[in-house]
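Going from the sequence shown to the working numbering is simple: count from 1 and add 1.
We put the CB at the ideal spot given by N, CA and C, even for glycine.
Below: one structure, written as structure tokens.
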Amino acid sequence: LHNACSVATSVFGSCLVKITGIRRIIYQLKVEAKLKSDLVLELEGETMSGAQQEKLWRIFDKFRVEGFVDWLRGDKGWRYSTIGNTYWKRICLLQLNTLQSVWTLFAPDNQKFYDETKRRTTWRKQQQLTEAVSDLRLWLEILDDARTGTMRQVLRNSDFGPNSLVHWAHHHPRQCKYPLTVVTPTSMAELVDSVIELMQREFHHSHDAPLGTRWINHKNRRLTDWKDAENICIHWNENYLEERLNRDW
């Protein structure tokens with residue numbers, strides 16, 4: 002509780018009066034922690050600025066996210082979810098690698114190479130989820146499009162909660178100065194959905210057919226990507242991806 006209070010104080014300053022018991026409460030949060038104890042943060046509204054209130058809601062909106070109590074306690078680095086099995090990592094890796102093939106066909110050259118001198122390909126197929134997300138982050142940083150809420154959400158770090166999407170992959174899981182990120186099936190599903198949305202916007206041309214139709218009919222489409230795909234995830238197949246890329250066209 003002392004560590005949690007220190008972390009919250011660094012964000013909210015003098016408006017955090019104490020851990021429990023205060024008059025004029027505008028927000029109260031109880032999180033069931035280990036050892037059957039409750040963490041209660043109570044803040045006084047009259048001493049909070051609008052910016053502090055916005056931070057408050059952004060942070061505590063995530064109190065159901067896995068790892069929230071550890072994040073609030075001040076843990077650093079990142080780790081994978083400890084809930085359930087880890088098969089979801091194989092599914093997410095498959096999804097990102099097949100989306101990489103779509104990107105290869107339609108991304109312009111100024112997005113395909115992160116280092117023009119060494120011709121270092123921005124986003125490559127990978128064997129591990131960490132490396133796949135790290136490469137994907139390079140492409141997202143090249144886009145650097147702050148105009149869309151999707152881009153801001155995808156590139157968010159862990160300052161406001163333990164559910165960053167790509168920021169964690171560039172850092173060591175333990176030797177890291179950033180607040181804790183817990184990589185979960187939910188956060189990776191959000192990442193895949195966001196990448197599809199960004200591709201639809203980035204590679205759309207008003208005079209063309211929908212992106213999924215252009216991809217499925219492209220002469221250079223990699224058929225080998227789908228050789229064993231259904232053995233990993235029966236719902237992630239060529240027809241499904243075509244429909245997702247065409248959605249909301």
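query                                                                                            : result
C-alpha distance - Asp216 paired with Ala133, whole-angstrom precision                           : Checking the sequence shown, residue 216 turns out to be Trp, not Asp. Their Cα atoms are separated by approximately 21 Å.
Of the listed residues Ser159, Ser188 and Gln96, nearest to Leu242 (C-alpha basis)               : Gln96
Cα-Cα separation between Trp227 and Ala52, rounded to whole angstroms                            : 48 Å
Assigned secondary structure, Phe107 (DSSP; H/G/I helix, E/B strand, else coil)                  : helix
Glu231 and Asn221 closer than 7 Å at C-beta                                                      : no
Residue interval of the beta strand (DSSP E) (run including Trp216)                              : Taken as a continuous stretch (DSSP letters only), Trp216 belongs to no beta strand (DSSP E), being part of the alpha helix (DSSP H) at Leu212 to Ile217.
Through-space distance from Asp110 to Glu203, alpha-carbon basis                                 : 13 Å
Contacting residues, own chain, Cβ-Cβ under 8 Å from Lys63 (five flanking each side not counted) : Phe69, Phe161, Gly162, Pro163 and Asn164
Cys234 to Ala190 span [Cα, whole Å]                                                              : 13 Å
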